[in-house]
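See structure below.
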Amino acid sequence: MAIIGAGPVGLAIAIELARFELNVLVVDRRPEEDASVRPQLLVARAGDLANLEHLGIDIHDPWTVTMLQTRVERDLASGTWIRGEVDPPGAPAPAQDLRTLASQPPLALVPIGRLQEALRERADQARVTTRYGCHVTRIRRHARHVSIACADGSTAR
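Numbers in my numbering are just positions in the sequence shown, counted from 1, shifted up by 985.
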């Protein structure tokens, strides 16, 4: 099984496929990156946190996930003014309806770079092969495998 793109989504899919004992190769055209170069944040809701936990990510690790309640407590201790509402822990369990999931209040902030780093570690534990620096130029499906050609002339299967 080949996945093009080693971002959070590609790595999450790879982890799930590896659970079915499939050989998974993830390729990405970018060089192996440092987590500090991805400043974006995932504003995570209960359903997002449940999915991350399902993937094996420690959602209680403050390096990876900052719960908004913790953030609010720190801001209050420093005298920072806060506006808006934050649901306390034990908020209602996530529903399966996508509309309901989308309307859940944010519970945590997850830096994308750190999330990607945690997913990469989890993918490595699941025996997913990750290859960086491969700009895919061709994909061929064979009877029992897929082969990939990279711009530098290298191949993978």
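We put the CB at the ideal spot given by N, CA and C, even for glycine.
Within 10 angstroms of the beta-carbon of I1044 lie 16 or more other beta-carbons, which makes it buried. Check the Cα spacing between A987 and each of E1006, V1012 and V994: the tightest is with V1012. The beta carbon of L1002 sits closer than 7 Å to the beta carbons of M986 and V1009 from its chain, once the five residues preceding and following it are set aside; these are given in chain order. Where I1000 is concerned, the enclosing alpha helix (DSSP H) starts and stops at P993 to A1003. Two segments are said to touch when three or more pairs of C-beta atoms, one from each, lie closer than 8 Å; by this definition the region 1100 to 1108 touches the region 1034 to 1054.
Excluding its 5 nearest sequence neighbours in each direction, L1037 has C-beta neighbours in its own chain below 7 Å: I1044, listed in chain order. Secondary structure note for D1013: its beta strand (DSSP E) is the uninterrupted segment L1010 to D1013. If you draw a straight line from the Cα of R1099 to the Cα of E1006, it is about 26 Å long. The beta-carbon distance between C1135 and V1121, rounded to whole angstroms, is 6 Å. This is short enough to meet the 8 Å contact definition.
Membership of I1044 in any alpha helix (DSSP H) is not indicated, and neither H nor E is assigned to it by DSSP. Counting the other Cβ atoms within 10 Å of the Cβ of P993 gives 16 or more, which makes it buried. For a cut-off of 8 Å, the C-beta gap from L1092 to A1029 is around 6 Å, short enough to register as a contact. The C-alpha of G990 lies about 23 Å from the C-alpha of V1050.
In this structure, DSSP gives R1126 an extended state, which the three-state scheme calls strand. In terms of CA proximity to R1116, R1142 leads the group R1142, M1052, R1004 and I998.
Within the same chain, and ignoring the five residues on either side of P1016 in sequence, the residues whose Cβ sits closer than 7 Å to its Cβ are Y1117 and G1118.
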